[in-house]
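J.:
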Amino acid sequence: MTNTSFLDKIAAVLIEKYSDNLSNTIVVLPNKRAKIFLIEALKNQVTSNILSPEIISIEDFVQNIAGFRTIDPIELLFEFYEVYLSVTDKANQQSFELFANWAKTLLQDFNEIDRYLLEPSHVLSYLKDIEDIKKWGIEVENKTNLLEKYIDFWKLLPNYYQSLYSHLLNKGIGYQGLIYREAVNNLNHFLNSVQNKQFLFAGFNALNAAEEKIIQHLIASDQAKIYWDVDQTFLNDPYHDAGLFVRRFKESWKHYKLHPFEWIVNDFSQTKNIRVIGTPKTIGQAKIAGSIIENVINENPEGKLDKVAVVLGEENLLVPLLYSLPSSVGALNITMGYSSKNNPAQILIAKLFKMHTNALSRNAKNYVLYYKDVLDILTHPLVEPYAKTSALVQIINQNNYTFITHHKLMELNTNPSELFVLLFQKWENGSIPVLETISKLLQTIKENLSNDNEEEKITKTFVFAIFKVINKLINYYSKHKHIDKIETLYAIYKQVIDLAEVSFEGEPLNGLQIMGVLESRVLDFETIIVTSMNEGKFPAGKSQNSFIPYDVKRELGLPTFKEKDAIYTYHFYHLLQRAKNIYLLYNTESEGLDAGEKSRFITQLEVEKQKNHALTHEIYNAVLPETAYQPMVIPKSESVMNRLKEIAEKGFSPSALTSYIRNPIQFYFQKILRISEVEEVEENIALNTLGTIIHETLKVLYEPFIGKFISESNILNCFKQIDAEVLKQFKLVYKEGEIKKGRNLLAFEVAKRNVSNFLKVELESIKNGDAIKIIALEQTFGRTLNHPNLPFPVLIKGNVDRIEERNGIIRIIDYKTGKVEKASVTLKSWKGLTEDIKSDKIIQVLAYAFMYEHEAKGKSIEAGIISFKNLKAGFLPFNFKEDKEVNSIINEEVLSDYIEQMVLLLSEILDENTSFEEKII
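At position 857 of the sequence shown the residue is numbered 843 (the numbering used here), and the sequence of numbers has no breaks.
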């Protein structure tokens, strides 16, 4: 990549020493990705046409020697379960879920034992002996059944290993370790078949015992050469982890007793600009990486970006980084796959699993579905436009269906589409039919998507990736039919989907290179940006996912976290080795999910700073705007004024006026634009719904007495009707909602209690001699307000809960289910009445008095509130408190002052020069 990149040197060696036999030369590299770059390096150094050498990765090379097909982790788990069942007593056999918990770890250990060519029976019986020693002191009679099973498990490990090994050999398949062990066993046979071939190994660092044996054997038989890429700074420092493995090989390999060690370079100590940048959170790093790339482009507008690489310490930084790149980037090569985890198709399948597994666990016979699960699927972007279920969604929302049986759902959707049938087909016939249904579903979704739309094309790619995963699972399950629980299927699906990736298309040799840490092996760049330089991310940190204890690993020569750290250290320092400009980004947050302290690699660079390195350290914080939020301001256009005139003719309700006082923007959205709240299922009864039920119940109970005086017997009769009437109103208002249990049952009891308590207060009043005559219930009144300060007449119109005549005085009552205190209806000064939302109840009750004034025919009027949460206080009338004098009768003077205040408010609402301005609370 730079003038003297490692691959350039390898290309030079190939032309110089192997040019007459290139077609019989096999170059083995640590990964597949480096192949393209080596071919490019060769292309740049040859003047005539040549036959390219064969270039393969070490894994493919070892597989060729062994002659086995490698299998993925899930297939291996299935195969191991088959073996486990065949060697374990039926009484002690575990379900697949329990088995999988420990089998994954055990397979990892088998893999390590094989890669390092250890004697399996020795290692596994060693583990059993350790466990025996731990339990040594326990008397025979104290050994429980659980303990016996535990010790038996360790005894069975060699049997598990041998049986699995033989089982896989018979099938011609294997995990990585088995293939490596078999490759070593098959080495002589392989060499006989490739006697005319020459092998060149390049760019390796950590080798396992099997790889060491294979490479040394080939070198000893004079059929191979190996070229290392190690800097003398690391090699000559006995404590530097970047040279840990290569130092070992240099000292222990027989070949180096007589032959030179190639190549030791001196690149790391050359001039380098290293900038360490700390910033809060992951997104901050993506933004900074974007701005660094922008600066690189601005400094050299004609230059290419193919010598610039962004190495992501954490793969989930990919999407934020792509959004942060400047538009001038142009060509781009992303070597990482994009995870299928969070794309729309996978989210739909996950929701489908959730809905059906919940239904099965709830009641497999009735198959009861939860409304949220159903709506999540019906409103999903891959379903909603094609399933024709908007009417069904509306029915569920309007009728408050919380739990819906499968039968009822089918009844509600009388003409289901094919997509709907596939989504809601019962999952009760085992795993393979479920997988086949999902496979058909994905095909149906694919057919719905267009090739002309760029976004839909991308979605199609994701659908296809998941379709492949599902088909793979069908293949697994058809071979292993005894693993047949839907819960197990979901657990396996979640693991498989993690492996499913969608590749990016790009030109690998052009433009900016974005890669993970492992993809950067063997490659050299001039400018390197490394993200997530935090402990636990880069390096990855300790993870003890093994049955083999640390000290046993040390004794047997198996890799521990020390060796894993050394691998990371080599990758990190190799990135820096030939780079000139280096940017190391880390998260400054030490707490939280993706946090951790600054990486030890940064500290190491600072402590062991080379003479020619210019190292700077900066902390970047996001620039905070001076104002967090700019309030919305909406001027009144001609159409807004026309709408206001329309409202004035139809009627301003008291609640519309108070909503303007609360927030003019809220008034604008609700009254001018007529945006109503989205109708949703009310799982728990909302307070306003409860209020409606109480209002309606009282209306029905008191309706027979309109125009009459109420007697004690009337009220006693109402008591008998409470239960039935509240239930009826619940059914009318709350429709199909569940009221027999949970919070809703409590709300139901609260509604009955509130009505009962109200009737008790009423009964007490009648017993005390009050003469109560009901005039109106839940009735709408209106009155036009004409005033010279208003541009046009305004109708004030509203629904009054109850009007009664009590002892000769007209009383206008507004019911409130919340708690209202006397202070809320007490006014001390008219000034500022319409500016404070605390006065909303006064504005409301006086509006009712203003509307009813002419109907009262000169009788005294009181207007106020009955609060169900403050029934002890009884009727809370509006009262005007001037000095110590309190007046609760609404006379002409009170109404005149009130009208003046209303005119002020209405003239502001109707003034075309006054904009709707949002109030920030």
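All C-beta atoms, glycine included, are put in the ideal place defined by N, C-alpha and C.
What separation, rounded to the nearest whole angstrom, lies between the Cα atoms of M(-13) and V305?
T.: Unreliable placement is indicated for M(-13), whose pLDDT of 39 sits below 50; the coordinate value is still reported in the next sentence. Computed Cα separation, rounded: 26 Å.
J.: E790 and I760 - do their beta-carbons sit closer together than 8 Å?
T.: Cβ atoms of I760 and E790: closer than 8 Å.
J.: Just how far apart, CA to CA, sit I895 and Y838?
T.: 24 Å
J.: Helix, strand or coil for M(-13)? Go by DSSP, reduced to three states.
T.: Caution is warranted here: a pLDDT of 39 is assigned to M(-13), below 50, making its placement in the model unreliable, and the coordinate value is therefore given only provisionally. Here M(-13) sits in coil by DSSP.
J.: Taking 7 Å as the cut-off, is the beta-carbon of F716 closer than that to any non-hydrogen atom of the ligand HEM?
T.: This structure lacks the ligand HEM; in fact it carries no ligand of any kind.
J.: Do H466 and F96 have their C-beta atoms closer together than 8 Å?
T.: no
J.: Please name the residue in S815, I875, S874 and E841 whose C-alpha comes closest to that of E886.
T.: S815
J.: Please list the terminal residues of the continuous beta strand (DSSP E) segment that includes A188.
T.: Q184 to A188
J.: Can you tell me whether T11 is buried or exposed? The criterion is at least 16 other CB atoms within 10 Å of its CB, across all chains shown.
T.: buried
J.: Have a look at G189 and F450 and give me their C-alpha separation to the nearest angstrom.
T.: 36 Å
J.: Helix, strand or coil: which one does DSSP assign to H245?
T.: DSSP places H245 in coil when its eight states are reduced to three.
J.: With contact counted as at least three CB pairs below 8 Å, one residue from each stretch, are the segment 519 to 529 and the segment 290 to 306 in contact?
T.: Because the criterion of three Cβ pairs below 8 Å is met, the segment 519 to 529 and the segment 290 to 306 touch.
J.: Using 8 Å as the cut-off, can you tell me whether the segment 379 to 388 makes contact with the segment 353 to 368, which would need three or more C-beta pairs spanning the two stretches below that distance?
T.: Contact between the segment 379 to 388 and the segment 353 to 368 is present: three or more C-beta pairs spanning the two stretches fall below 8 Å.
J.: Who are the near neighbours of F653 in its chain, counting only those whose CB is closer than 8 Å to its CB and skipping five residues on each side?
T.: A642, S645, Y646, I895 and F902
J.: Given a cut-off of 8 Å on the beta-carbon distance, is the pair Y372 and L405 in contact?
T.: In contact: Y372 and L405 (Cβ atoms closer than 8 Å).
J.: Given 8 Å as the limit, is there contact between the segment 190 to 208 and the segment 81 to 92, that is, 3 or more CB pairs closer than that?
T.: no
J.: Could you check the C-alpha separation between H603 and G264 for me, to the nearest Å?
T.: 8 Å
J.: Contact between the segment 536 to 550 and the segment 608 to 616 is defined here as three or more beta-carbon pairs at a separation below 8 Å; is this criterion met?
T.: No, the segment 536 to 550 does not touch the segment 608 to 616.
J.: Could you give the distance in angstroms between the alpha-carbon of Q49 and the alpha-carbon of L164?
T.: 10 Å
J.: Could you say which of A600, N775 and V216 lies nearest to F231 if we only look at CA atoms?
T.: Minimum Cα distance to F231 is reached at V216.
J.: Can you list, in chain order, the residues of its chain whose CB lies under 7 Å from that of K443, leaving out five sequence neighbours each side?
T.: N437
J.: Strictly by DSSP, which residues pair up with P863?
T.: G850
J.: From which residue to which residue does the beta strand (DSSP E) around L495 run?
T.: Note, L495: premise wrong, no beta strand (DSSP E); not H, not E.
J.: So, for I431: in the same chain, excluding its five sequence neighbours on each side, which residues have a beta-carbon less than 6 Å away from its beta-carbon?
T.: Within the same chain, L368 and V449 come within 6 Å of I431 by CB-CB distance, once the 5 residues on both sides are set aside.
J.: Return the residue from the list N743, A757, Y242 and I500 that minimises the CA-CA distance to I852.
T.: Of the candidates N743, A757, Y242 and I500, the residue whose Cα lies closest to the Cα of I852 is N743.
J.: Going by the beta-carbon positions, is the gap between F638 and L819 smaller than 8 Å?
T.: no
J.: Starting from the Cα of T907, find the closest Cα among V667, A809, R648 and L857 and give me that residue.
T.: The sequence given here places Ile at residue 907; Thr does not occur at that position. Closest option to I907, judged by alpha-carbon separation, among V667, A809, R648 and L857: R648.
J.: Can you give me the C-alpha to C-alpha distance between A762 and L857, rounded to a whole angstrom?
T.: 21 Å
J.: Return the residue from the list D883, S425 and Y720 that minimises the CA-CA distance to E668.
T.: Y720
J.: Can you check which of these residues, L435, H599, E748 and T812, is closest to E868 by C-alpha distance?
T.: T812
J.: What residues in its chain sit with their C-beta under 6 Å from that of H241, if we drop five residues either side in the sequence?
T.: I205
J.: Jot down the residue ranges of each uninterrupted beta strand (DSSP E) in the segment 572 to 647, minimum 3 residues, whole runs only, in chain order.
T.: 599 to 605
J.: Go through its chain and collect everything with a Cβ distance to N171's Cβ below 7 Å, but skip five positions before and after it.
T.: none
J.: Where does Q765 fall in DSSP's three states?
T.: strand
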